[in-house]
């Protein structure tokens, strides 16, 4: 994968938590093509090559998560050009879903269109009570994209997903919590700090176990046989891991385990 950089995708650190910020507040953190490529490469780098972080927080600058795709770039394209750009967007989602580290979204303000898709593709979502969520694609005659056809039904169920995707209805953070879109709902202005706390707790879990749990939940829950096969394939690996043996020893010795991801 070739490297792409964009100063509007920022990475900061809070211990073992990497915080990725979409920093384009003048356009409500709308994502242009170069920003999407930089976000993809940033998530990939954090997932695969970064040894300092064990969890990732995705957020937006200026009190907004993301308004979605940058409308100013939506000039007329050929079908093949559009396919290439959509594939790049899907690569961002694939990096978050397939990567071994948990990703937590911190949503203030609006998460619309592809911005909502990014938030839904995270493992856990923390929302301000007054945040606004909308799958706005149908408002402009487009198919919901950036992975949301897969992720939203898995998160909130097919019936509710059909409603939100078909009607492009806005909901706030409180309703997002009620329907299971948000894992935690907090006061306005508190989403990032709450998401970092959430990510810190996830970072304390055994890294190898977390990686295989993410894989099982993402790819092996469509039917009973796939779920059982994930148990049979993954559990023996974890039973032989140093982290499992450390946890067993820590339990016997009445101390906190120290996990190293092996």
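Numbering (the numbering used here), first residue to last: 1096 to 1357.
Note that CB positions come from ideal geometry on N, CA and C, so glycine has one too.
Task: Selection from 1225, 1283 and 1278 that minimises the alpha carbon distance to residue 1215 - done: It is 1278.
Open item on the list: Check whether the region 1266-1274 and the region 1124-1142 are in contact - that is, three or more C-beta pairs closer than 8 Å.
Closed with: no
Task: Residue nearest to residue 1191 in terms of C-alpha spacing, selected from 1352, 1313 and 1348 - done: Of 1352, 1313 and 1348, the residue nearest in Cα terms is 1313.
- [ ] Take residue 1114 and list the residues in its own chain whose beta-carbon comes closer than 6 Å to its own, dropping the five residues that flank it on each side.
- [x] 1107 and 1152
TODO: With a 10 Å radius around its C-beta and 16 neighbouring C-beta atoms as the bar for buried, classify residue 1097 as buried or exposed.
DONE: Because the pLDDT of residue 1097 is 47, which lies under 50, any placement of that residue in the model is unreliable, and the number read from its coordinates should be weighed accordingly. An exposed status is given to residue 1097, since fewer than 16 other beta-carbon atoms sit within 10 Å of its beta-carbon.
TODO: Identify whether residue 1329 lies in helix, strand or coil by the three-state DSSP scheme.
DONE: helix
- [ ] Let me know if residue 1317 comes out buried or exposed under the rule of 16 or more other beta-carbons within 10 Å of its beta-carbon.
- [x] exposed
Open item on the list: Taking DSSP's pairing of strands, which residues face residue 1279 in a bridge?
Closed with: The beta-bridge partner set that DSSP reports for residue 1279 consists of 1221.
Open item on the list: Looking at the secondary structure, which residues open and close the beta strand (DSSP E) in which residue 1152 lies?
Closed with: 1150-1155
TODO: Let me know the secondary structure DSSP gives residue 1186 once reduced to three states.
DONE: helix
Task: Reduced DSSP secondary structure (H/G/I, E/B, other) of residue 1122 - done: helix
Open item on the list: Going by C-alpha to C-alpha distance, which of 1339, 1341 and 1354 sits closest to residue 1297?
Closed with: 1354
Task: Cβ neighbour criterion (16 or more within 10 Å) applied to residue 1147 - done: exposed
- [ ] Report yes or no: do the region 1137-1144 and the region 1166-1183 share at least 3 C-beta pairs separated by less than 8 Å?
- [x] no
- [ ] Report the three-state DSSP secondary structure of residue 1357 (helix, strand or coil).
- [x] coil
Task: Coil, strand or helix - residue 1108 by DSSP - done: Under the three-state reduction of DSSP output, residue 1108 falls in the strand class.
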